[in-house]
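Engineer: Under full-length UniProt numbering, the residue at position 227 of the sequence shown is numbered 227, and the numbers go up by one with no gaps. Quick reminder that beta carbons are idealized off the backbone N, C-alpha and C, glycines included. All figures in this text were calculated on a predicted structure; none of them were measured in a lab.
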Amino acid sequence: MIEIRPNRFPRFLLSCGSSCGLCGAGPPDPTTSLRNLLYVNPQSLNFANRQGSARNITVKVQFMNGEDPNNAMPVIFGKSSCADFAKEAYTTVVYHNRSPDFHDEIKIKLPASLSDHHHILFTFYHVSCQQKQNTPLETPVGYTWIPMLQNGRLRTGHFCLPVSLEKPPQSYSVLSPDVPLPGMKWVDNHRGVFNVEVVSVSTIHTQDQYLDKFFALVHALDEHMFPVRIGDMRIMENNLEAELKSSIAALNSSQLEPVVRFLHLLLDKLVLLVVRPPVIAGQIVNLGQTSFEVMASIVNRLHKYLDTSQDMHGRNGLLSSYIHYVFRLPSTDPNSPSPDPNSSVTGPGGLGGSVHYATMARSAVRPASLNLNRSRSLSNSNPDISGTPTSPDDEVRSIIGSKGLDRSNSWVHTMGSKSDPWGSSPGSAPETMQAMERCGNRMSSHTESASFLQTLTGRLPTKKLFHEELALQWVVSSGSVREGALQQAWFFFELMVKSIIHHLYFTERLESPRKNRFPERFMDDITALVSTIAGDIVSRFQKDLEMVERLNTSLAFFLNDLLSVMDRGFVFTLIRAYWKQVSTKLYALQNPTLESLRLDFLRIVCSHEHYVTLNLPCSLLTPPASPSPSVSSATSQSSGFSTHVQDQKIANMFELSVPFREQHFLAGLVLSELSVILDPENEGMFGLHKKVVSVVHNLLSSHDSDPRYADPEVKARVAMLYLPLIGIVMETLPQLHDFTESHNQWGRPGCPQGAAMGSRWGRGRGRG
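#1: Tell me which residue opens and which closes the alpha helix (DSSP H) that asparagine 560 is part of.
#2: Check tyrosine 95 in the structure and name its three-state DSSP category.
#3: Candidates Leu472, Val530 and Lys304: which alpha carbon is nearest glycine 484's?
#4: Which same chain residues end up closer than 7 Å to arginine 229 when comparing Cβ atoms and leaving out the 5 residues on each side of it in sequence?
#5: Per DSSP, which one or two residues make a beta bridge with glutamine 283?
#6: Do isoleucine 106 and valine 61 have their C-beta atoms within less than 7 Å of each other?
#7: Please report the straight-line C-alpha distance between serine 480 and valine 714, rounded to a whole angstrom.
#8: Report yes if the C-beta distance between asparagine 239 and glutamine 487 is below 7 Å; otherwise report no.
#9: Return the chain-ordered list of same chain residues with a C-beta closer than 7 Å to the C-beta of alanine 368, the five sequence neighbours on each side being excluded.
#10: Rounding to the nearest angstrom, what Cα-Cα distance links phenylalanine 557 and alanine 588 in this structure?
#11: Residues bridged to residue 778 by DSSP?
#12: Who are the Cβ neighbours of alanine 220 in its own chain at under 6 Å, not counting the five residues just before and after it?
#13: Report the partner residues of tryptophan 490 according to the DSSP bridge assignment.
#14: Cα separation between valine 285 and phenylalanine 215?
#15: Which residues does DSSP list as the beta-bridge partners of proline 147?
#16: Determine the burial state of cysteine 606: buried for a count of at least 16 other Cβ atoms within 10 Å of its Cβ, exposed for fewer.
#17: Nearest to glutamate 731 by alpha carbon, out of Ser701, Val692, Pro140 and Ser675?
#18: If you draw a straight line from the alpha carbon of histidine 608 to that of arginine 509, how long is it in whole angstroms?
#19: With distances taken between CB atoms, is the gap from valine 201 to leucine 37 smaller than 7 Å?
#20: Spatial neighbours of glutamine 590 within its chain, please: CB distance less than 6 Å, with the 5 preceding and 5 following residues excluded, ordered by chain position.
#21: Considering just the uninterrupted stretch of the alpha helix (DSSP H) at methionine 730, what are its terminal residues?
#22: What residue range is occupied by the uninterrupted alpha helix (DSSP H) comprising glutamine 62?
#23: Can you say whether threonine 308 is buried or exposed, counting buried as having 16 or more other CB atoms within 10 angstroms of its CB?
#24: Determine the direct distance from the alpha carbon of leucine 563 to that of leucine 495, and round the result to whole angstroms.
#25: Compute the Euclidean distance between the alpha carbons of isoleucine 501 and valine 326, then round it to the nearest angstrom.
#26: For the beta strand (DSSP E) holding isoleucine 230, just list the boundary residues, first then last.
#27: Ignore the nearest five residues each way along the sequence and tell me which others in glutamate 585's own chain have a CB closer than 7 Å to its CB.
#28: Considering only the beta carbon of each residue, do leucine 251 and valine 218 sit closer than 7 Å?
#29: Does the Cβ-Cβ distance between leucine 165 and threonine 144 come in under 7 Å?
#30: By the DSSP assignment, the beta strand (DSSP E) with isoleucine 323 in it spans what residues?
#31: Hey, quick one: how far does the alpha helix (DSSP H) through arginine 661 stretch, first residue to last?
#32: Give me, in chain order, the residues of the same chain whose beta-carbon lies closer than 6 Å to that of alanine 667; leave out the 5 immediate sequence neighbours on both sides.
#33: Give me the Cβ distance between serine 246 and aspartate 208, rounded to the nearest whole Å; I'm assuming they're in contact under 8 Å.
#34: Please report how far the alpha carbon of tyrosine 611 lies from the alpha carbon of aspartate 536, in whole angstroms.
#35: Output the distance between the C-alpha atoms of glutamate 241 and threonine 290, rounded to the nearest integer angstrom.
#36: Classify histidine 96: buried if its beta carbon has 16 or more other beta carbons within 10 angstroms, exposed otherwise.
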């Protein structure tokens, strides 16, 4: 009879750990389900050298919680038509064979908490074919066992075990059968004769030595339990710092399958170490840089080996779900218990643990050169609006219904003329690089004296904020670490944005003025980060276009998100810094690829839900009626001058002028880009005509279908953002194809035939 081996869980299957449908069946997700199973597969037994008539052999498998026979636990899954759980299971009897092979599988439900006394007991029986009086059918012929824990880790894998002829002695469960116990008789002189495989499918046990060590050390820090034994090592306080750092660095050597299954917990612990560095022997151990390096490495490994579970933007589904559903700032509950004040080791605390933070004063370690000399931009919020809008619709209504603003003092005033629509400065990029070189030493201090900690009356300094530390570590990173972060910049950008939003929400700052939400040092770090990434885009787009496209898209989405939480004027300075660096490169080298990247960047930034509000739509252009029915001659002259000024302002609204770009920054960039790409002198931009026209078309379509702008008067004011479009179209009229039947198919009326044909054939690729 041939037995059919039961279906088994895949022993190694890389998956996202969830039922997402992208990767098929896989290990359970530790964050959403609990599974703690053990599969025991007896394989073969060699009793050829055993004396006696042991031929019809079966194996009884028990999961024990001690040495007494009554300690067998009912955790073995029963077969069909049997109880759900049993205390023992038997293999199929192999007839008349002293060296049988087995094909059974025993499924065991592991207890959540294991001790040194838990073990699997194997008892070998000879089964008689004919029953004799006063003689049992089953005669025990051997014993062996597998302790479940070894140095605190679950034992799994393939085992070749010796078999004892006698019952094991007392306290045998804490020892391995490989240990030659005195006074015991063994089959074949204590050689391994029984082969068995043990496989674990668990969301509790990692089955990876590097993850085990890291989690054990972090847990010891949480519980303040030192010294701690991990494996054969006894870690004392004097070598704890070195072991902790080495365990974090060794995470790069861990197997990918357990990393995938325990990714959420792993990232949570790394975030915890960043914001709450432990204090060991009175010294603060800063783990921000080490944790950031490991996070960058893990993220890149997942993208490399799990490339089938990525969305259309190249984002890994497991990482994206972690940001969206799992990540949150560590708990800061002031009512949580504090650690033992007499302990010299202060851990980072669990996600719901005590609030004891170890953070150096940033001003003490931040050189003055880091304070970038940037102009203080005005907030892009309307000063005529009193209070904070209660809803986005109220904000749009308030701004559209207000008077036009005088933005002559805005930082946008520094932008150039139409020939230089981005106000680029060739010297801006070197200045940024110099600032970045000066900030190389801006690392948080690794240690702090114990005397300083004592002056804090038992409380450590203010906690670290994850988004601030993430920005800092990214700015000062270099080499392979920085390259790894750039490869998957979207993950760190989205992580930073969610940390910002959580911080504002839990500190009740969402209603506070945007200028007062963040410290200067964080804004400096963001400025430096955006400047360096823009420099990478400009310098590397010809070498690694695929990576640069992802980086450019990630940066655009990041700035789009910042428009919702930070001061809009500050975010506009970041957009302008990007624009200047790209413009400087384009002035030196006209390249349609770089122009296309900038167009993609602009399209994403302008997709913000409050795009119209951000552009400060002006009020009606009709001059107000005179407040007096009769005026003097002098007043009439003054009125005439005022009318002339008003007419000039109206005329400026139809031109892509400096005042227009000052008042409507994003709309000015869109129309400037349209004007530059459609310029007949830019012959290399023909391939981008359709793309830039689509950007403008999509914006107009979104405004037209937006219910917030359904009122005709509101639509009229929104349309004023695009008044320069009329002039741009008139300038490029010879390039546009005439689809009317009444005119010559080669050109428009009034356009010379030769010019029309030249426009048709010379500019044919650029038809919008």
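Structural biologist: According to the data block:
#1: Indexing the sequence shown from 1 puts residue 560 at position 560. Boundaries of the alpha helix (DSSP H) around asparagine 560: 545–562.
#2: Locating residue 95 in the sequence shown gives position 95, counting from the first residue. If DSSP states are grouped into helix, strand and coil, tyrosine 95 belongs with coil.
#3: Stepping through the sequence shown from its first residue, residue 484 is reached at position 484. Of the listed residues, the one whose Cα sits closest to glycine 484 is Lys304.
#4: Counted from its first residue, the sequence shown places residue 229 at position 229. Close CB contacts of arginine 229 within its chain, under the 7 Å cut and outside five residues either way in sequence, are absent.
#5: For the purposes of this step, residue 283 is identified with residue 283 of the sequence shown, where counting begins at 1. Bridge partners of glutamine 283 according to DSSP: Ile280.
#6: Numbered from its first residue, the sequence shown carries residue 106 at position 106. Numbered from its first residue, the sequence shown carries residue 61 at position 61. Closer than 7 Å, so yes.
#7: Residue mapping note: residue 480 aligns to position 480 of the sequence shown, counting from 1. Residue mapping note: residue 714 aligns to position 714 of the sequence shown, counting from 1. For serine 480 and valine 714, the distance between alpha carbons rounds to 52 Å.
#8: Counting from 1 along the sequence shown, the entry for residue 239 is found at position 239. Counting from 1 along the sequence shown, the entry for residue 487 is found at position 487. No, they are not a contact pair.
#9: To locate residue 368, count along the sequence shown from 1; it is residue 368. In this predicted model, alanine 368 has a pLDDT of only 35, less than 50, meaning its place in the structure is not dependable enough to derive any value.
#10: As a working mapping, residue 557 is identified with position 557 in the sequence shown. As a working mapping, residue 588 is identified with position 588 in the sequence shown. In a straight line, the C-alpha of phenylalanine 557 is about 27 Å away from that of alanine 588.
#11: What is shown of the chain runs 1 to 768, which leaves residue 778 out entirely.
#12: Indexing the sequence shown from 1 puts residue 220 at position 220. Hits under 6 Å: Val228.
#13: For the purposes of this step, residue 490 is taken as residue 490 along the sequence shown, with counting starting at 1. Bridge partners of tryptophan 490 according to DSSP: none are assigned.
#14: Along the sequence shown, one-based indexing puts residue 285 at 285. Along the sequence shown, one-based indexing puts residue 215 at 215. Pairing valine 285 with phenylalanine 215, the inter-Cα distance amounts to about 17 Å.
#15: The sequence position of residue 147 within the sequence shown is 147, counting from 1. Paired residue(s): His119.
#16: Taking the first residue of the sequence shown as position 1, residue 606 is located at position 606. Buried, by the Cβ-count rule.
#17: The residue labelled residue 731 in the question sits at position 731 within the sequence shown. It is Ser675.
#18: For the purposes of this step, residue 608 is taken as residue 608 along the sequence shown, with counting starting at 1. For the purposes of this step, residue 509 is taken as residue 509 along the sequence shown, with counting starting at 1. So the two alpha carbons sit approximately 22 Å from each other.
#19: For the purposes of this step, residue 201 is identified with residue 201 of the sequence shown, where counting begins at 1. For the purposes of this step, residue 37 is identified with residue 37 of the sequence shown, where counting begins at 1. Yes, the pair counts as a contact, with Cβ atoms nearer than the cut-off.
#20: Start at 1 with the first residue of the sequence shown, and residue 590 comes out as number 590. These residues qualify, in order along the chain: Gly684.
#21: On the sequence shown, residue 730 is found 730 positions in, with the first residue counted as 1. Residues 724–731.
#22: As a working mapping, residue 62 is identified with position 62 in the sequence shown. Premise fails: glutamine 62 lies in the beta strand (DSSP E), 57–64, not in any alpha helix (DSSP H).
#23: In the sequence shown, counting from the first residue as 1, residue 308 sits at position 308. By the neighbour-count rule (16 or more Cβ atoms within 10 Å), threonine 308 is not buried but exposed.
#24: If you number the sequence shown from 1, residue 495 lands on position 495. If you number the sequence shown from 1, residue 563 lands on position 563. Taking the CA atoms as reference points, leucine 495 sits about 16 Å from leucine 563.
#25: The residue labelled residue 501 in the question sits at position 501 within the sequence shown. The residue labelled residue 326 in the question sits at position 326 within the sequence shown. Between isoleucine 501 and valine 326, the C-alpha separation is close to 14 Å.
#26: Start at 1 with the first residue of the sequence shown, and residue 230 comes out as number 230. Start and end: 228–230.
#27: Counting from one through the sequence shown, the residue named residue 585 turns up at place 585. One detail in the question is off: residue 585 reads as lysine in this sequence, not glutamate. Once the five neighbours on either side are set aside, the close Cβ partners of lysine 585 are Val538 and Leu594.
#28: Looking up residue 251 in the sequence shown gives position 251. Looking up residue 218 in the sequence shown gives position 218. Result no, Cβ atoms of leucine 251 and valine 218 do not sit closer than 7 Å.
#29: On the sequence shown, residue 165 is found 165 positions in, with the first residue counted as 1. On the sequence shown, residue 144 is found 144 positions in, with the first residue counted as 1. No.
#30: Position 323 of the sequence shown, counted from the start, is the residue given in the question as residue 323. In the DSSP annotation of this structure, isoleucine 323 is not part of any beta strand (DSSP E), being labelled neither H nor E.
#31: Walking along the sequence shown from the start, residue 661 turns up at place 661. That run of the alpha helix (DSSP H) goes 658–663.
#32: The residue labelled residue 667 in the question sits at position 667 within the sequence shown. Sequence-distant Cβ neighbours of alanine 667 in its own chain, meaning closer than 6 Å and more than five residues away, are Asn615 and Leu721.
#33: Taking the first residue of the sequence shown as 1, we reach residue 246 at position 246. Taking the first residue of the sequence shown as 1, we reach residue 208 at position 208. The Cβ separation is near 15 Å, so there is no contact.
#34: Position 611 of the sequence shown holds residue 611. Position 536 of the sequence shown holds residue 536. So the two alpha carbons sit approximately 27 Å from each other.
#35: Position 241 of the sequence shown, counted from the first residue, corresponds to residue 241. Position 290 of the sequence shown, counted from the first residue, corresponds to residue 290. When rounded, the distance between both Cα atoms is 12 Å.
#36: Counting from 1 along the sequence shown, the entry for residue 96 is found at position 96. So histidine 96 counts as exposed.
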